[in-house]
Structures are given as structure tokens and as C-alpha cells.
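Numbering (our numbering), first residue to last: 44 to 301. Beta carbons: idealized from backbone N, C-alpha and C, even for Gly. Everything below concerns the one structure shown next.
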């Protein structure tokens, strides 16, 4: 009996110890510059850096994992992972609680330099690329009167624009700025910058850390929110945006609306 009792006690203690060491998981989307693998295969990116900053500030260990976009959204929605950083959109990611604004991005149309597209009004019936099945394709399909062209990826859209097969394409500001100013691991055409005009802003998108509604990590939500707010106020989040080429440093909302 003493042996069995001792075994049961050891099992209980080991289970409690495992739970204590079980850090909440955060899905990082495999989408440059938010998450990607460098030449050595090491996961890197803006959202990894943000997660590390939040963990260091809050003292909460967070296990960040690189995942394909559909899986990251699905696993966050069904509670297979605890946390996600994404646009603040409950239709995009249902069943989560958005607890902290890490910054904002803009959705832009990048016109071809020879397209004469200068404003939203000029987009009517022009060939504009969007990622097939992507968020922007769904968000803007019925709102803007352009001729939609479905393309597999951002780099494919850029290549099509250089070849004059598109009049422009839709992309978020962080991705475009990373292509333009950061040493991108993505294969892009040479001299592509000579083929693009100034971005035309079509929307502003807050970017938030969220926690699955059924996650035990919700107990630490207020502490994480406090850390995110502090990291925005002291400029840490802005510095992370800038590290990947972001021109507005994650502060794209006009001052009068902040």
C-alpha cells in the first residue's frame, strides 16, 4: 500500500509540474515578414519578435510556433493553440478574445507605374491582383469596382505586374514595406521597384493578439494586455515594425483618430 501511495503521489507531482511548465502556445502565420524560415531553417519574423518582447516584459513564457496560415487560424479558433496575432476580425478568427493591439497595418493597392492609377476612382475595371482565397480578396470583392485577378502569392502578383499582366495588386503595408526596404528571403524580380507607383490606401486594419475562448491562458489576459500597452507606449512595438522595413512603424491610424 505504501508503495502504491508513493507511486500515486509521484505521478500527481509530476503531472502538476508538467502543467506548470506547459507554456501557452502562440501560432505565428507562415507569411513573410510576420513569420518565415531563414536560410538555415530557423523560424523568424515580426510576430516572433513581438511574442518574445511580450514574454520578456510580462514574465509569461510563450511557445511561439510557425504554422501555415489556414492551420494557424483554424487552430486558434478551435483552441488547439492558445494565442494568435492577426487582424482584429471575428469573422476571420471566430471564438477568440482580442486582448491587445500590437499596431496597425494598411491595405493598399500598388499600381503599376505606367497605369495612371492615382486614386480609388481610377481602379474601376482595372486588372487588380489579389491572393486566391485570401483575406483581402474576400474583404474587398464587393466593395471596390476593380477587375479581380486571382494570384497564388504576393511575389507572383509582383512578377505579373512587372510583366505588365496586372495594373496593380492589393497587399498589406507590412509585407510591401518588407519587400521594398528589408532584405527579403522571397525571390523577387530584379529592378521591380522601377515598375511600381506610390501605394493607394484602401483600408486600415488593427493587428491584435487574441486568446482562444476555451484557453486557460485567458487567466493571464490582463497581464498580457498590460505588457502590450506598455510595449507600444515605450516604442518597442514600433521598433519591431521598423526592423522589418515598416515606414509607419505600426502607427498608421491618423493622429486625430487615435
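Span of the beta strand (DSSP E), counted from its first residue to its last, around residue i
| i | result |
| --- | --- |
| residue 130 | 126-130 |
| residue 253 | 243-255 |
| residue 70 | 68-72 |
Identity of the residue in the options nearest residue i by Cα
| i | options | result |
| --- | --- | --- |
| residue 107 | 136, 132, 66, 146 | 66 |
| residue 250 | 236, 292, 213, 263 | 292 |
| residue 189 | 176, 205, 164 | 164 |
| residue 230 | 96, 94, 196 | 196 |
| residue 279 | 98, 69, 244, 103 | 98 |
| residue 111 | 133, 245, 83, 69 | 69 |
Where residue i falls: helix, strand or coil (DSSP)
| i | result |
| --- | --- |
| residue 238 | helix |
| residue 222 | helix |
| residue 108 | strand |
| residue 266 | helix |
| residue 113 | helix |
| residue 65 | coil |
Contact set for residue i: own chain, Cβ-Cβ below 6 Å, skip 5 residues either direction
| i | result |
| --- | --- |
| residue 194 | 172, 200 |
| residue 56 | Unreliable placement is indicated for residue 56, whose pLDDT of 41 sits below 50; the coordinate value is still reported in the next sentence. If we look at residue 56 and ignore the five residues flanking it on each side, it has no Cβ neighbours. |
| residue 170 | 190, 192, 209, 210 |
7 Å Cβ shell around residue i - same chain, five flanking residues per side excluded
| i | result |
| --- | --- |
| residue 221 | 75, 76, 227, 287, 288 |
Boundaries of the alpha helix (DSSP H) in which residue i is found, first to last residue
| i | result |
| --- | --- |
| residue 97 | 89-101 |
| residue 286 | 279-286 |
Neighbourhood of residue i by C-beta distance below 8 Å, restricted to the same chain and skipping five residues each side
| i | result |
| --- | --- |
| residue 264 | 140, 142, 254 |
Within-7 Å CB hit, residue i to chain D
| i | result |
| --- | --- |
| residue 114 | In the structure shown, chain D does not exist; there is a single protein chain. |
Practice item. Please specify which runs of the alpha helix (DSSP H), each continuous and at least 4 residues long, are wholly inside the stretch 136-213, giving them in chain order. Key: 178-183, 197-205
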